[in-house]
């Protein structure tokens with residue numbers, strides 16, 4: 001099945017797949033440099049189809065088969081992509097599933113469209129990572145390179161090196177979610193592997209402590225890494241999505 005295409009108000013072309021079904025629509029927000037054909041996205045798509053539940057997966061600009069290059073993008077651009085696509089192609093309440101950087105995007109979505117989010121599942125959520133992960137750990141030489149050259153290159157355990165641009169870091173500061181009140185007035189389930197080398201358990205605990213939420217739970221999975229994609233982890237994701245979908249009340253404040 002070929003991907004559908006949507007053009008944002010900013011002129012970016014976003015590729016997406018929308019599986020019809022009953023609501024609330026499950027929306028998968030992928031991680032940095034991932035795409036909508038990743039293991040978790042495809043697994044959830046098939047799982048939702050079997051349940052008769054609507055499901056949306058897509059590529060941010062600069063990711064997958066959407067327009068642009070990764071190095072041109074930033075958190076704010078991908079937030080704009082998410083809002084524009086959801087506003088245009090999905091009606092009604094949402095169950096948002098955010099993986100890694102997609103966890104940050106899920107929190108931004110909840111802040112921007114609180115009336116639409118009925119529940120949330122995060123998988124190794126990485127809120128504020130441009131500041132707390134990149135900038136906080138840059139050496140003086142890397143910070144200087146960011147200012148003079150405009151980017152630095154970071155190795156990754158999971159793919160080719162990341163190019164971190166000055167724009168990504170600066171824009172990230174405009175979208176931080178752990179420095180101000182964060183209201184999540186719906187059920188939230190957070191999943192985190194203890195062997196994750198990209199997002200620490202401390203990050204998951206910080207989010208749990210910071211968010212204002214009456215029904216928020218964190219599950220730590222011993223030995224699971226950042227991919228969180230083996231059979232057992234996929235089963236945990238299914239369980240979490242089913243749980244929040246069964247108890248969600250959209251717009252509850």
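Residue numbers (the UniProt record's numbering): 1 to 253.
Cβ atoms here follow ideal geometry from the backbone N, Cα and C, with glycine treated the same way.
My guess is that residue i and residue j are in contact by the Cβ rule of under 8 Å, so how many angstroms apart are they, rounded?
i	j	result
residue 228	residue 193	6 Å
residue 116	residue 67	So it is not a contact: roughly 25 Å between Cβ atoms.
residue 136	residue 100	Not confirmed; about 18 Å, so no contact.
residue 190	residue 176	No, residue 190 and residue 176 are not in contact; Cβ-Cβ is about 18 Å, not under 8 Å.
residue 26	residue 97	6 Å
residue 120	residue 18	Rounded, the Cβ-Cβ distance is 20 Å, inconsistent with contact.
residue 240	residue 186	About 13 Å separates the two Cβ atoms, so there is no contact after all.
residue 16	residue 4	5 Å
Let me know the secondary structure DSSP gives residue i once reduced to three states.
i	result
residue 13	strand
residue 43	helix
residue 18	strand
residue 146	helix
residue 227	coil
residue 23	strand
In terms of residue numbering, what span does the alpha helix (DSSP H) encompassing residue i cover?
i	result
residue 235	231 to 247
residue 210	201 to 210
Look up residue i in the DSSP assignment and give the residues it is bridged to.
i	result
residue 217	189
residue 32	Residue 32 is not bridged to any residue.
residue 151	165
Would you mind reading off the limits of the beta strand (DSSP E) that contains residue i?
i	result
residue 7	4 to 7
Length-filtered (4 minimum) alpha helix (DSSP H) runs lying within the UniProt domain "AB hydrolase-1" (49 to 141) = You should have 75 to 89, 101 to 112.
Enumerate, from N- to C-terminal direction, the unbroken beta strand (DSSP E) stretches of 3 or more residues contained entirely within the segment 155 to 193.
-> Runs of the beta strand (DSSP E) spanning 3 or more residues and lying entirely within the segment 155 to 193 occur at 162 to 165, 188 to 193, in chain order.
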